[in-house]
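Residue numbers (this note's numbering), protein chains in the order written: chain A, 464 to 804; chain B, 98 to 270.
Report on the structure given below.
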Amino acid sequence: MDLTFVAHIGIILVVFFALQMSAAVTVLMERKVAAFVQQRLGPYRTGPWGVLQPLADIVKLVFKEELRPRAADRFVFMLAPVISATAAFGAFAVVPFGAPTDFFGLLPEPIPLRVADVNVGVLALFAVTSMGIYGIVLAGWSSNSKYSLLGGLRSTAQMLSYELSYGLALAAVLLTANSLSLSEIVDAQKGYWLGVIPRWYVFPQCVGFLVFMIAAIAETNRAPFDFPEAEQELVAGYHTEYSSMSFALFFLAEYINMVVVAGLATSLFFGGWHGPFLPEWLGWIWWLAKVFAILFFYIWTRWTLPRYRYDQLMHFGWKFLLPLAVANLLATAAGVLYFGS
Amino acid sequence: MDVVLFYLFGAVTVGASLAVIGQRSPLRSVLWLIASFLGLSGLYVLLDSPFTAVTQIIVYAGAIMVLFLFVVMLVNRPREEALADHARNGLLAKGPRRSAAALAVAFLALVGWAIARTPERPIIAEAAVADHVSSVAQIGRELFTTHGFAFEVTSVLILVAMVGAVVLAKRVL
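If you want it as structure tokens, here you go:
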């Protein structure tokens, strides 16, 4: 068996386990940041600074009883969390997280650090993410409970509304980079303007980044847009009836979706794994730093801003964010046409 | 390898499409239709058109089917049988059913005849044709130049449907 093939399999396995780990780390980060925002200590008994807390959570979830309401549609009820988690993992496949490497001369030619090279990478990610909606919708329907159904309906409406702005914000970046492949977009952001400012697309595309980030928070159902699971109104929303590992799958999917969005934002707006000071083969450290900065932003937002009202959400999405995204796309197109890309 | 994948995706598409009409529950039908779309997008990838494949998933499986599901969810609940109103439905009486069956057989014969007339061709197109992967720029240029008229007419058609829906839903504007 040749080594390149082994390396590819290795990358797939590393990404799979690293994504699971990233969910655990993000949960811990969420609890710690939330605690500090609220002037508490957060988990601190399980290991130093509570670093073993995610492990304890997992053990607890594994040993819980798996419950299924009698009136639920058995097959669809089982299918829903699987769809959620699969879509979340699958979406990450096209995100590049490091410079092409030959592992210190081990391989005949360098291979890029990502699972799959699709020449329509951004759209593929978008497509897989849009499949994730089914997990939530089907969970809400199949549970046969009021709260779940309302949560499912809300999330469908919300995700459909914000997906448009999300897609248009992406399209503006694609126009600027003149490519659909994520690694080409990352490479186009290499270098500096005037020797100091990195050529990140967040500067020419600041409006696009704003729209992208707002829509992404709504897409991943996070506060202040966490209507599908607004606990004061809907108990837990679409996953009210889920317990044990099937609940854990939804939980995992939510956090991995955040990581995917952070990875996508890093590649599109923050120059991916390019950064100063470090040699190219350590680019993944820059990548991780940027991703965790965005994840921190996510958590910070959640514990700072109160939840919107549902009609405000729809109003904001359709009458402000979407026109803004369209205007940004048109302005970008005009700019690209005038200056050349 | 390509042939195996072709038969795999083909089987998924055809099987799922058959399952769509073989279901009592509308929600299951929607799910099978999504599976059929996914199989179809696999076939597009095999035809070296990843853009079409991805668009197929984003537009049909990702957006339109979610709306379908939305409606079905509001109308049906998991354990509701829709059998009761079958008896009252005039379209399901003996006469219409027989003529429908006759029509179906005639249609099947037509399709069989059409397939029999098609000349024999290899499943995977010749290497020269399959060589170039259709790019997004190419598709865009074709769409806005050669097929510009059809494109604009289609968008007007969609606009008409949208305006119609608004007028029907909102009597007082």
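Don't be surprised by glycine CBs; every beta carbon is placed ideally from N, CA and C.
For clarity, every value in this text was computed on a predicted model and none was experimentally measured.
Buried/exposed call for residue i, threshold 16 Cβ in 10 Å
i, result
"B:Ala206", "exposed"
"A:Ala635", "buried"
"A:Lys495", "buried"
"A:Gly658", "exposed"
"B:Pro193", "exposed"
"A:Ala548", "buried"
"A:Asp536", "buried"
"B:Ala203", "exposed"
"A:Val462", "Nothing in the structure corresponds to residue 462 of chain A, since chain A is present only between 464 and 804."
"B:Leu256", "exposed"
"A:Val674", "buried"
"B:Ile118", "exposed"
"A:Gln668", "buried"
"B:Asp99", "exposed"
"B:Trp210", "exposed"
"A:Phe713", "buried"
"B:Leu162", "First, the amino acid is wrong: residue 162 of chain B is Met here, not Leu. With 16 or more other Cβ atoms within 10 Å, it is buried."
"A:Glu493", "buried"
"A:Glu682", "buried"
"A:Ala716", "buried"
"B:Val253", "exposed"
Simplified DSSP state of residue i, which is helix, strand or coil
i, result
"A:Pro517", "helix"
"A:Tyr655", "strand"
"A:Gly726", "helix"
"A:Gly561", "strand"
"B:Pro123", "helix"
"A:Pro575", "strand"
"B:Ala227", "Only weak support exists for where B:Ala227 lies, its pLDDT of 45 falling under 50; the coordinates are left without a value."
"A:Pro511", "helix"
"A:Ala769", "According to the sequence shown, residue 769 of chain A is Pro rather than Ala. Note: A:Pro769 maps to coil in three-state DSSP."
"A:Pro661", "strand"
"A:Lys782", "helix"
"B:Leu200", "helix"
"A:Gln668", "coil"
"A:Asn684", "coil"
"B:Pro193", "helix"
"A:Tyr705", "coil"
Closest residue to residue i among the options (Cα-Cα distance)
i, options, result
"A:Trp736", "A:Phe560, A:Leu787, A:Met484 and A:Lys609", "A:Phe560"
"A:Trp646", "A:Trp663, A:Leu758, A:Tyr610 and A:Ser730", "Sequence check: residue 646 of chain A is Ser here, not Trp. Checking every option, the nearest Cα to that of A:Ser646 belongs to A:Ser730."
"A:Ser606", "A:Val670, A:Cys669, A:Phe666 and A:Phe540", "A:Phe540"
"A:Asn684", "A:Arg531, A:Ala651, A:Met721 and A:Thr639", "A:Met721"
"A:Gly734", "A:Lys753, A:Leu504 and A:Gly671", "A:Lys753"
"A:Val488", "A:Gly473, A:Leu515, A:Ile574 and A:Gln502", "A:Leu515"
"A:Ile599", "A:Val557, A:Phe468 and A:Glu704", "A:Glu704"
"A:Phe479", "A:Ala551, A:Leu787 and A:Ser706", "A:Ala551"
"A:Ser624", "A:Leu792, A:Trp781, A:Ala797 and A:Asp465", "A:Trp781"
"A:Ile677", "A:Arg662, A:Trp744, A:Tyr629 and A:Ser611", "A:Tyr629"
"A:Gly510", "A:Val525, A:Leu787, A:Leu491 and A:Leu712", "A:Leu491"
"A:Met708", "A:Phe759, A:Arg531 and A:Trp656", "A:Arg531"
"A:Glu827", "A:Leu612, A:Ile596 and A:Val583", "The requested residue 827 of chain A does not occur in the structure, where chain A is confined to residues 464 to 804."
"B:Leu105", "B:Val142, B:Thr242, B:Arg214 and B:Val264", "B:Val142"
"A:Tyr773", "A:Gln621, A:Ala711 and A:Ile680", "A:Gln621"
"B:Ser114", "B:Ile131, B:Val250, B:Ala266 and B:Ala198", "B:Ile131"
"A:Phe710", "A:Asn582, A:Phe526, A:Lys653 and A:Thr467", "A:Phe526"
"A:Val469", "A:Leu518, A:Glu529, A:Phe760 and A:Val578", "A:Val578"
"A:Tyr718", "A:Arg503, A:Leu466, A:Pro517 and A:Ile475", "A:Pro517"
"B:Ser126", "B:Arg195, B:Leu200, B:Leu240 and B:Val169", "B:Val169"
"B:Leu171", "A:Ile474, A:Ala590, A:Leu613 and A:Gln483", "A:Leu613"
Own chain residues within Cβ distance below 7 Å of residue i, not counting five before or after
i, result
"A:Leu542", "Leu601"
"A:Asp689", "Arg770"
"A:Gly698", "Per the sequence shown, the amino acid found at residue 698 of chain A is Val instead of Gly. Counting only Cβ-Cβ distances below 7 Å, and skipping sequence neighbours, we find Tyr610."
"A:Leu792", "Leu631, Ala634 and Ala635"
Proximal residues to residue i (C-beta, below 6 Å), its chain only, five neighbours per side dropped
i, result
"B:Ser138", "Ala150, Gln153 and Ile154"
"A:Ala497", "Trp766"
"A:Ala640", "Ile648 and Ala651"
Close Cβ partners of residue i (< 8 Å) along its chain, the five nearest in sequence each way excluded
i, result
"A:Val723", "Ala551, Ala554, Phe555, Val558, Leu588 and Thr592"
"A:Leu637", "Val585, Leu643 and Ile648"
"A:Ile660", "Phe666"
By the 8 Å beta-carbon criterion, what residues does the segment 152–165 of chain B contribute toward chain A? Thr152, Ile154, Ile155, Ala158, Gly159, Ala160, Val163 and Leu164
Got a sec: which bits of the segment 594–626 of chain A sit with their beta carbon under 9 Å from any beta carbon on chain B, in order along the chain? Met594, Ile596, Tyr597, Val600, Leu601, Gly603, Trp604, Ser605, Ser606, Asn607, Leu612, Gly615, Leu616, Thr619, Ala620, Met622, Leu623 and Glu626
Along the segment 137–148 of chain B, where does the CB come closer than 9 Å to a CB of chain A? Name the residues. Ser138, Pro147 and Phe148
Beta carbons nearer than 8 Å to chain B: which residues of the segment 744–769 of chain A have them? For chain B, none of the residues of the segment 744–769 of chain A brings a beta carbon within less than 8 Å of one of its beta carbons.
Anything in the segment 695–725 of chain A with a Cβ closer than 8 Å to a Cβ of chain B? List those residues in chain order, please. none
Going along the segment 117–138 of chain B in order, which residues come within less than 9 Å of chain A, judged by CB to CB distance? Ser122, Leu124, Arg125, Leu128, Ile131, Leu135 and Ser138
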